[in-house]
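Engineer: To convert a position in the sequence shown, counted from 1, into the numbering used here, add 12.
For each residue, glycine too, the CB sits at the ideal point set by N, CA and C.
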Amino acid sequence: MPEYPFSAETRVVVDASPEAVFAFLDDHRNLSAHMEQTSWMMMGSRMDIHLDESGTRTVGSRFGFTGSILGIPLSVEEMVSERDPPRSKAWVTIMEPALWVIGSYRMGFVIAPESGSSLLTVFIGYDLPRRFGIRWLSWLLGGFYAKWCTNRMANDAARHFRIEAGEANDWLNRQTS
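1) Quick check: A169 and R23, are their CB atoms within less than 9 angstroms of each other?
2) Where do the N-terminal and C-terminal ends of the beta strand (DSSP E) with L82 fall, by residue?
3) Would you report the Cα separation of D64 and R142, rounded to the nearest angstrom?
4) Please report the distance separating the alpha-carbon of W52 from that of W112.
5) Quick one: using the 10 Å Cβ neighbour count with 16 as the cut-off for buried, is V88 buried or exposed?
6) Under three-state DSSP, which class holds L63?
7) Three-state secondary structure (DSSP) at W52?
8) Could you tell me the alpha carbon to alpha carbon distance between L43 and I61, rounded to whole angstroms?
9) Looking at I136: is its Cβ nearer than 9 angstroms to the Cβ of T162?
10) Going by Cα to Cα distance, which pick from R174, V134 and P109 is closest to P85?
11) Relative to the C-alpha of R174, which candidate in A28, G72 and F18 has its C-alpha closest?
12) In three-state terms, what does DSSP make of D96?
13) Just verifying my parser: in three-state terms, what is the DSSP assignment at L132?
Here it is in structure tokens:
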């Protein structure tokens, strides 16, 4: 496994069992929801995800994203490299990504039981893009973008289970009133 010179990670406590958190994150559409929505970080653009038949649920499964920012095409192709339910999962780029601020990377998550909940760590190790003309942009924004991605993935998972618990509590309250 290659080492990467740059990294970011985000840790959050998720109010759900490791099994439930893993099941949610094992569907890569849940992890990448932030990429499919327009955002200021994506300069108002969005990316489209494509998955193979296994839907990222097996080692070797391939998936990726395509889109554009300011009319410039972007794409990344990835492969699941590790999967250990309900503890961890990782994926790597399988060719040089056509991205502005990060190059090849390894990304994933680790889940640990934590007092009836789960401690979720989302991480990325990355390199700068190989294209010399945009490396300066990566020096400026790569760390910020990597941290934004890990924050979004971790906090979106925590939010999902808070909303799910809130909806269940609302339903129970309506039934007992």
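Structural biologist: Taking the definition as stated:
1) Result no, Cβ atoms of A169 and R23 do not sit closer than 9 angstroms.
2) Counted as a single uninterrupted DSSP element, the stretch harbouring L82 is not any beta strand (DSSP E), since DSSP gives it neither H nor E.
3) Annotation: D64 to R142 spans about 27 angstroms, alpha carbon to alpha carbon.
4) For W52, the pLDDT reaches just 49, beneath the cut-off of 50, and the residue's location in the model is therefore unreliable, although a value from the coordinates is still provided. The alpha-carbon atoms of W52 and W112 are separated by roughly 15 angstroms.
5) In the assembly as shown, V88 is a buried residue. Its beta-carbon has 16 or more other beta-carbons within 10 Å.
6) It is a strand residue.
7) Its pLDDT being 49, under 50, W52 is placed unreliably by the model, and nothing is read from it.
8) Their backbone Cα atoms lie some 11 angstroms apart in a straight line.
9) Against a cut-off of 9 angstroms, the Cβ pair of T162 and I136 comes out as a contact.
10) Of R174, V134 and P109, the residue nearest in Cα terms is P109.
11) Among A28, G72 and F18, the Cα nearest to that of R174 belongs to A28.
12) D96: strand per DSSP, three-state reduction.
13) Look at L132 here: in three-state DSSP terms it is strand.
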